[in-house]
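Read top to bottom, the protein sequences are chains A and B. Residue -2 is where the first sequence starts when you use the working numbering, and the numbers rise one by one after that. Residue 10 is where the second sequence starts when you use the working numbering, and the numbers rise one by one after that. Even for Gly, the Cβ is constructed at its ideal location relative to N, Cα and C.
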Amino acid sequence: MTPRTVFAAVTTPRATYLDWNATAPLRAEVADAIAESLRRCGNPSSVHRWGRAARQALEAARRDVAALCGAAPDAVVFTSGGTEANQLALKGLPERRLIVSAIEHDSVRLARPDAAVLPALPDGRADLVALDAWLAAAARPALVSLMLANNETGAIQPVAEAARIAHAHGALLHCDAVQAAGKLPLDFRRSGADLLTLSAHKIGGPQGVGALVASPDLPLAPLWSGGGQERGRRAGTENLPGIIGFGAAARCALAGIDAYAKLAVLRDAAERRLLAIAPGARSFAATAPRLANTLCIAMPSIPAATQVMALDLAGVMVSAGSACSSGKLRRSHVLEAMGVAPDDSDCAIRVSLGWSSTERDIDHLVEAWGALYARRRASAA
Amino acid sequence: MKAAGANRPPVYLDYQATTPCDPRVVAAMLPWFTEKFGNPGSITHAYGREAAAAVERARAQLASLIGAEPREIVFTSGATESNNLALKGAAHFHRAFGKDHLVALATEHKCVIESCHALEREGFRVTFLPVGRDGLVDLAALERALEERTAIVSVMAAHNEIGVLQPLAEIAALTRPRGILFHSDAAQAVGKVRIDLAALGIDLLSISGHKFYGPKGIGALFVRRRPRARIAPLIDGGGQERGLRSGTLPTPLCVGLGEAAALAQAEMTAEAERLLGFRRRVLAGIKARVPEAVVNGDLERRLPGNLNLSFPGIPATVLMEACPGLALSTGSACTSAEIEPSYVLRALGLEDALAAASVRIGLGRFTTSEEVDFAVDTLAAAARRLAPRGVTSAAAGAT
């Protein structure tokens, strides 16, 4: 299953999906695992044979997800997705003072009104200079939240360094690895992170499932009261087909992790060619270590909404920032935190590739973007 | 018989724990897992808009089943989340208006009870109302419990262990004039019995996908718009679901829930009739051979597919072990690994020994006539074999 096989589903003759950071297509192996599971019945908490079989499948998926991120299986708590996992991490430790980086996803940034916000550097990385001083001044133990890779720019964050600083002050580190999983090797045990967030649908698994990884010894207040599922950390009947799909996706992602870095060749080509088309075009976080698949680029003086619409009409699917609440394009808080002027950030689009992206996809993007730029220049002249 | 039973999967009689996903629901969902994979939040391209349209279609299907408007439906990850969102969301929102009191039945689902306890730890007061031996709410006691400062009343529409159906309209008649929110956990009721929110004064209603042949991992909370039920969100972030529930909407699961709703709407009446016939056969068959078996909870005002029976003197765990060909349960699946007797049956006034001797028989869409006969034979034979000597006559003497 690649996006190429779905051309019939959309109206344009040629469809190029370059919005993988919003969601990735389901891997074929995952689709098979989910379809199989949907045809079985059983509540993993039931003690009869159907329930026990469901429990076994649940625990096998837990081992697969644990293997993807280098954690012990009993550290994996399944949730309904990355947003819930982030909220569980931050709201689950309410007594800790919270420090979040300015470039975090909204589900981290807006989790608690009392959060202190760590600034970002112009290259897209969080600025850790203030962290040490803030932690030293904190009256109570803190929790620091820093994502592993940014969803809009792809900038890889200094998580190990942040963890070292945090631990020196008795603070904990939460790391939102939703965009990094499957794209970078993860090692929860050695990363220094105390809590780690994962989402299935960003790695070729289904929507509606994610995980928070945290040692079972970490006292975490659950978001929801109810049955004692997930060792009392997350109540509710487990989304078993989704979790099984997550497990299958984790196996695929782990197997494909080395090949993933090669996407940088395609991404770099796209970046080079787009920058060559429009003098004044600007790529963000280009000097920081970046995810191999992500490109955040601004075409001068053409609003992002205009660009994504023109690209969509040409059959190229990209986004202007993150895909969250429907209906509105907001100015990117990420670019704002990097000090990008509003005029520039309002013209920024996100191009994100995936494991089945090809050179043809890049050609299509460059062609459509170039045509838009040429039209604009002609009408301005 | 014994050999066949060992090889065959057990007959599934645990439809209140979870239901199999209807093959028609699976078929409706599969394309949305594979070729139509867009994020419904991605408004900038066709894949995202196509997914968003599917989510809205599903929202309308679910709304139609319960007589609601589509925009009154908030998708969640399941009934546990819906119940938490309803109770904690209402309590947190209305605290600012001086309301600090909640009312719930003592027999509510564990996630409602535990949500109430969590709110107590935050300073809220909770009145847990007792129920009668029939499992039904005492309306006079409910009325007495209501205060000026009551924010919300929570009463389960259909019970997960004993299947009893509460008088929702009568409860609403007490709460609505007082400006108190009425929440009902309808995870077991939706798709099984008719619920018309256009006529019922319910303000918040919890729905679960996997309890009526939809997928696991999805549910919904109905949040009334007129008069508006105000609640605070539990999960913040991207602002999906009008800010009441952030997080990427799982398109295939939404589609599955919508399809399950459409099927239930079309088939509910006939299915209820069929299951009621099955339940009568189970009860008559068992009573004929094990007269001392007792029905827990009101038999008339009850989900058609639910039966909860106590076999005096036979611990349920022993009875279930003796019936490996049947997938039964003692009560709620969430707690079925616990051996202690059901708090629900205790609340009905059952003594511990009788409560510990109860099994839940859940019948559903894929239960066959042969399975009903097999279940009756298996259960009755086991109960007769295991019955302590003299119980039959003792029970007969007691009644």
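(request) My understanding is that Phe243 (chain A) touches Cys66 (chain A), with C-beta atoms under 8 Å, so please give their C-beta distance in whole angstroms. (result) In the first sequence, residue 243 (chain A) corresponds to position 246, counting from 1. In the first sequence, residue 66 (chain A) corresponds to position 69, counting from 1. With a Cβ gap of about 12 Å, Phe243 (chain A) and Cys66 (chain A) do not count as contacting.
(request) Inspect the CB distances between the region 172 to 179 of chain A and the region 182 to 201 of chain B and report whether three or more fall short of 8 Å. (result) no
(request) At 3 residues or longer, and completely inside the region 84 to 121 of chain B: list those beta strand (DSSP E) runs for me, N to C. (result) 110 to 114
(request) Count the other C-beta atoms from every protein chain shown that fall within 10 angstroms of the C-beta of Asp214 (chain A), then say buried if there are 16 or more, exposed otherwise. (result) Residue mapping note: residue 214 (chain A) aligns to position 217 of the first sequence, counting from 1. So Asp214 (chain A) ends up on the exposed side.
(request) Compare the C-beta of Ala26 (chain B) with all C-beta atoms of chain A and state if any pair is closer than 9 Å. (result) Counting from one through the second sequence, the residue named residue 26 (chain B) turns up at place 17. Yes - at least one Cβ of chain A is within 9 Å of the one on Ala26 (chain B).
(request) Determine the DSSP secondary structure at Ser378 (chain B), reduced to helix, strand or coil. (result) Translated into positions along the second sequence, residue 378 (chain B) becomes position 369. Annotated three-state conformation of Ser378 (chain B) is helix, per DSSP.
(request) Pull up the distance between the alpha-carbon of Arg134 (chain B) and that of Ser222 (chain A), whole angstroms please. (result) Indexing the second sequence from 1 puts residue 134 (chain B) at position 125. Indexing the first sequence from 1 puts residue 222 (chain A) at position 225. Approximately 17 Å, taken between the alpha carbons.
(request) Tell me whether the beta-carbon of Ala139 (chain A) lies closer than 9 Å to the beta-carbon of Arg187 (chain A). (result) As a position in the first sequence, residue 139 (chain A) is number 142, starting the count at 1. As a position in the first sequence, residue 187 (chain A) is number 190, starting the count at 1. No, they are not a contact pair.
(message) Check for me: the beta strand (DSSP E) holding Ser98 (chain A) runs from which residue to which?
(response) Indexing the first sequence from 1 puts residue 98 (chain A) at position 101. Its beta strand (DSSP E) spans residues Arg94 to Ser98.
(message) Given this structure, state the Cα-to-Cα distance separating Leu230 (chain B) from His103 (chain B), to the nearest angstrom.
(response) As a working mapping, residue 230 (chain B) is identified with position 221 in the second sequence. As a working mapping, residue 103 (chain B) is identified with position 94 in the second sequence. Approximately 18 Å between the Cα atoms of the pair.
(message) Below 9 Å on C-beta distance, what does Lys119 (chain B) contact in chain A?
(response) Working through the second sequence from its first residue, we reach residue 119 (chain B) at position 110. Those are Ser222, Gly223, Gly224, Gly225 and Ala232, listed as they occur along chain A.
(message) Please report whether the beta-carbon of Cys344 (chain A) lies at a distance below 9 Å from any beta-carbon of chain B.
(response) Along the first sequence, one-based indexing puts residue 344 (chain A) at 347. Cys344 (chain A) does not count as touching chain B.
(message) At the level of alpha carbons, what is the spacing between Val156 (chain A) and Val35 (chain B)?
(response) The residue labelled residue 156 (chain A) in the question sits at position 159 within the first sequence. The residue labelled residue 35 (chain B) in the question sits at position 26 within the second sequence. Distance between the alpha carbons of Val156 (chain A) and Val35 (chain B) is about 41 Å.
(message) Using C-beta distances below 8 Å, list every residue in its chain close to Leu145 (chain B), excluding the 5 sequence neighbours before and after it, in chain order.
(response) Here the question's residue 145 (chain B) lines up with position 136 in the second sequence. Same-chain partners within the cutoff: Val173, Gln175, Pro176, Asp307 and Arg310.
(request) Put Leu145 (chain B) into one of helix, strand or coil per three-state DSSP. (result) On the second sequence, position 136 is the one that residue 145 (chain B) refers to. Leu145 (chain B): coil per DSSP, three-state reduction.
(message) So the candidates are B:Cys30, B:Pro29, B:Asp31 and B:Val64; which of them puts its Cα closest to the Cα of Lys45 (chain B)?
(response) As a position in the second sequence, residue 45 (chain B) is number 36, starting the count at 1. The residue with the shortest Cα to Cα distance from Lys45 (chain B) is B:Val64.
(message) Is the beta carbon of Gly121 (chain A) closer than 9 Å to that of Met335 (chain A)?
(response) Here the question's residue 335 (chain A) lines up with position 338 in the first sequence. Here the question's residue 121 (chain A) lines up with position 124 in the first sequence. Result yes, Cβ atoms of Met335 (chain A) and Gly121 (chain A) sit closer than 9 Å.
(message) Which residue marks the beginning of the beta strand (DSSP E) containing Arg2 (chain B), and which one marks its end?
(response) Missing from the structure shown is residue 2 (chain B); chain B here goes from 10 to 408 and no further.
(request) Could you tell me whether the Cβ atoms of Ser98 (chain A) and Leu143 (chain A) are closer together than 9 Å? (result) Working through the first sequence from its first residue, we reach residue 98 (chain A) at position 101. Working through the first sequence from its first residue, we reach residue 143 (chain A) at position 146. Contact flag set, yes.
(message) Let me check understanding here. Comparing Cα to Cα, which of A:Gly312, A:Asp360 and A:Leu15 lies closest to Glu149 (chain A)?
(response) Here residue 149 (chain A) refers to the residue found at position 152 when the first sequence is read from its first residue. Out of A:Gly312, A:Asp360 and A:Leu15, A:Leu15 has the C-alpha closest to the C-alpha of Glu149 (chain A).
(request) Would you list, in chain order, the members of the region 49 to 67 of chain B that have their beta-carbon closer than 8 Å to a beta-carbon of chain A? (result) Pro49, Gly50, Ser51, Ile52, Thr53, His54, Ala55, Tyr56, Gly57, Glu59 and Ala61
(request) Report the residue from B:Ala100, B:Gly218, B:Leu316 and B:Ala167 whose alpha carbon sits nearest the alpha carbon of Val264 (chain B). (result) Within the second sequence, residue 264 (chain B) is the residue found at index 255, counting from 1. Of the listed residues, the one whose Cα sits closest to Val264 (chain B) is B:Gly218.
(message) Please report the straight-line C-alpha distance between Asp343 (chain A) and Arg328 (chain A), rounded to a whole angstrom.
(response) What you label residue 343 (chain A) is simply residue 346 of the first sequence in a count that begins at 1. What you label residue 328 (chain A) is simply residue 331 of the first sequence in a count that begins at 1. Cα to Cα, Asp343 (chain A) sits roughly 6 Å from Arg328 (chain A).
(request) Would you tell me roughly how many angstroms separate the C-alpha atoms of Ala117 (chain A) and Asp341 (chain A), rounded to the nearest one? (result) Here the question's residue 117 (chain A) lines up with position 120 in the first sequence. Here the question's residue 341 (chain A) lines up with position 344 in the first sequence. Roughly 17 Å between the two C-alpha positions.
(request) Tell me, please, which residues DSSP counts as bridged to Ala208 (chain A). (result) Taking the first sequence and counting its residues from 1, one reaches residue 208 (chain A) at position 211. BP columns for Ala208 (chain A) point to A:Phe75 and A:Leu195.
(message) Quick check: what's the CA-CA separation for Leu125 (chain A) versus Ala112 (chain A)?
(response) Residue 125 (chain A) sits at position 128 when you count from the first residue of the first sequence. Residue 112 (chain A) sits at position 115 when you count from the first residue of the first sequence. Cα to Cα, the separation comes out at about 16 Å.
(request) Starting from Cys172 (chain A), follow the alpha helix (DSSP H) in both directions and report where the run begins and ends. (result) The count along the first sequence starts at 1 and reaches residue 172 (chain A) at position 175. Segment Leu169 to Asp173 is the beta strand (DSSP E) holding Cys172 (chain A); no alpha helix (DSSP H) there.
(message) Taking 9 Å as the threshold (C-beta atoms), are Val44 (chain A) and Met329 (chain B) in contact?
(response) The residue labelled residue 329 (chain B) in the question sits at position 320 within the second sequence. The residue labelled residue 44 (chain A) in the question sits at position 47 within the first sequence. Yes, Cβ-Cβ distance for Met329 (chain B) and Val44 (chain A) is below 9 Å.
(message) Tell me which residues share the same chain as Pro19 (chain B) and place their Cβ nearer than 7 Å to its Cβ, disregarding the 5 neighbours each side in the sequence.
(response) On the second sequence, position 10 is the one that residue 19 (chain B) refers to. Counting only Cβ-Cβ distances below 7 Å, and skipping sequence neighbours, we find Pro333, Gly334, Leu335 and Ala336.
(message) Can you tell me which residues form a DSSP beta bridge with Ala117 (chain A)?
(response) One-based indexing of the first sequence puts residue 117 (chain A) at position 120. Paired residues: A:Ala123.
(request) Quick one: using the 10 Å Cβ neighbour count with 16 as the cut-off for buried, is Ala49 (chain A) buried or exposed? (result) Along the first sequence, read from residue 1 onward, the residue named residue 49 (chain A) stands at position 52. One detail in the question is off: residue 49 (chain A) reads as Arg in this sequence, not Ala. With fewer than 16 other Cβ atoms within 10 Å, it is exposed.
(message) Between A:Leu272, A:Val262, A:Ala197 and A:Arg59, which has its C-alpha nearest Ala28 (chain A)'s C-alpha?
(response) What you label residue 28 (chain A) is simply residue 31 of the first sequence in a count that begins at 1. Cα-wise, what sits closest to Ala28 (chain A) is A:Ala197.
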